[in-house]
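Reviewing the structure listed below.
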Amino acid sequence: MGVDFMGKIKKCELNPNIKLMDRNNKSKTTETTHFMLWNLPSIKTCPYATELCKKHCFAAKQENGYNPAIISSRANAYAETLKPNFVKDMIKYIEWYLQKRKVENKTCFLRIHGTGDFYSLEYMRKWIEITDHFKGDNRIVFQCYTKSMPFLIEILKERSIDSINIKIVWSIFDDTDPFYTAYAKELGLTTFTAKPKKEIETAINDGYFLCQGNCGNCKACYKGKVPKIVIPYH
32 MGVDFMGKIK
42 KCELNPNIKL
52 MDRNNKSKTT
62 ETTHFMLWNL
72 PSIKTCPYAT
82 ELCKKHCFAA
92 KQENGYNPAI
102 ISSRANAYAE
112 TLKPNFVKDM
122 IKYIEWYLQK
132 RKVENKTCFL
142 RIHGTGDFYS
152 LEYMRKWIEI
162 TDHFKGDNRI
172 VFQCYTKSMP
182 FLIEILKERS
192 IDSINIKIVW
202 SIFDDTDPFY
212 TAYAKELGLT
222 TFTAKPKKEI
232 ETAINDGYFL
242 CQGNCGNCKA
252 CYKGKVPKIV
262 IPYH
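If you're matching positions, the sequence shown starts at 32 in my numbering and goes up one per residue.
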């Protein structure tokens with residue numbers, strides 16, 4: 032069941048704990064694009080976060096502000112990822128979302144982990160299975176920032192980077208292991224980093240593209256337009 036007489040999925044048939052956030056302050060909807068985010072708790076789901084990452088984590092600052100709605104939402108999302116039906120439920124939710132009138136004739140960009148990261152190899156496999164379901168569907172583009180390179184390395188023993196239906200961006204700080212950064216470069220991944228404001232000009236001179244915080248018009252992170260991107264610390 033779960034489908035009405037026109038073949039559309041009914042909202043009442045969805046898992047109520049599976050929810051995508053509509054955009055954020057940077058990823059604003061335009062006439063041709065729509066942004067969605069899947070968020071998990073910070074730090075707890077980031078096994079390869081460096082000390083600098085933890086220190087400057089915007090998501091942790093949100094959570095430390097004791098916003099009950101944010102904390103509860105991310106905790107519920109994490110709990111759902113542990114359940115055996117997560118892949119099936121997320122696919123169904125995305126299919127339902129793509130039939131919404133507000134995204135009709137638009138490309139939806141789904142950022143996996145506006146907050147959080149791939150906390151295990153099994154969990155990364157789940158998202159790859161979800162995104163495989165939507166291969167060839169030009170209504171949606173999947174993207175993620177990640178520091179979980181060891182899990183990706185395991186995945187790439189089984190399939191090529193080009194076969195993964197996620198635009199993966201390698202997220203680093205100055206204390207990130209250079210071995211993994213070199214590996215990301217070999218894979219052709221876009222690198223995203225944050226630096227103090229006083230170092231931004233030097234980074235630009237070194238070939239970094241400065242993020243202006245206007246994802247709707249830019250989409251460099253989502254389409255791999257540039258190899259290296261930098262933002263000032265939050």
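From the three backbone atoms N, C-alpha and C, an ideal C-beta is built for every residue, glycine too.
Bear in mind the structure is a predicted one, so any value in this text is a computation, not a measurement.
Close-in-space but distant-in-sequence residues of the same chain around residue i (CB under 7 Å, 5 per side omitted)
i: Ala-241; result: Checking the sequence, you will find Leu at residue 241 rather than Ala. Once the five neighbours on either side are set aside, the close Cβ partners of Leu-241 are Ile-231, Ile-235, Val-261.
i: Phe-117; result: Glu-111, Lys-157
i: Thr-287; result: Residue 287 falls outside the range modelled here, since the chain spans only 32 to 265, and no answer is possible.
i: Asn-107; result: Asn-48
Residue i vs residue j beta-carbon contact at 8 Å
i: Ser-179; j: Phe-149; result: yes
i: Asp-206; j: Thr-81; result: yes
i: Phe-140; j: Gln-174; result: yes
i: Leu-218; j: Arg-142; result: no
i: Asn-196; j: Asp-163; result: yes
i: Lys-198; j: Gly-147; result: no
i: Cys-88; j: Ile-74; result: yes
i: Lys-39; j: Gln-130; result: yes
Residue range of the alpha helix (DSSP H) that includes residue i
i: Lys-254; result: 251-254
i: Thr-212; result: 209-218
Close Cβ partners of residue i (< 8 Å) along its chain, the five nearest in sequence each way excluded
i: Gly-238; result: Pro-258, Lys-259
i: Tyr-214; result: Met-180, Ile-184
i: Asn-46; result: Glu-111, Asn-116, Asp-120, Lys-123, Tyr-124
Where residue i falls, given that 16 or more other Cβ within 10 Å makes a residue buried
i: Ser-202; result: buried
i: Asn-95; result: exposed
i: Lys-250; result: buried
i: Ala-91; result: buried
i: Cys-43; result: exposed
i: Gly-267; result: Residue 267 lies beyond the range of the chain shown here (32 to 265); nothing can be said about it.
i: Ala-100; result: exposed
Residues of its chain near residue i, where Cβ-Cβ distance is below 6 Å and the 5 sequence neighbours each way are ignored
i: Arg-105; result: Asn-70, Leu-71, Pro-72
Beta strand (DSSP E) segment containing residue i, residue limits
i: Tyr-176; result: 171-177
i: Leu-152; result: Careful: Leu-152 lies outside any beta strand (DSSP E), inside the alpha helix (DSSP H) at 152-164.
i: Lys-198; result: 198-203
At 3 residues or longer, what runs of the beta strand (DSSP E) sit wholly inside the stretch 97-149? 138-143
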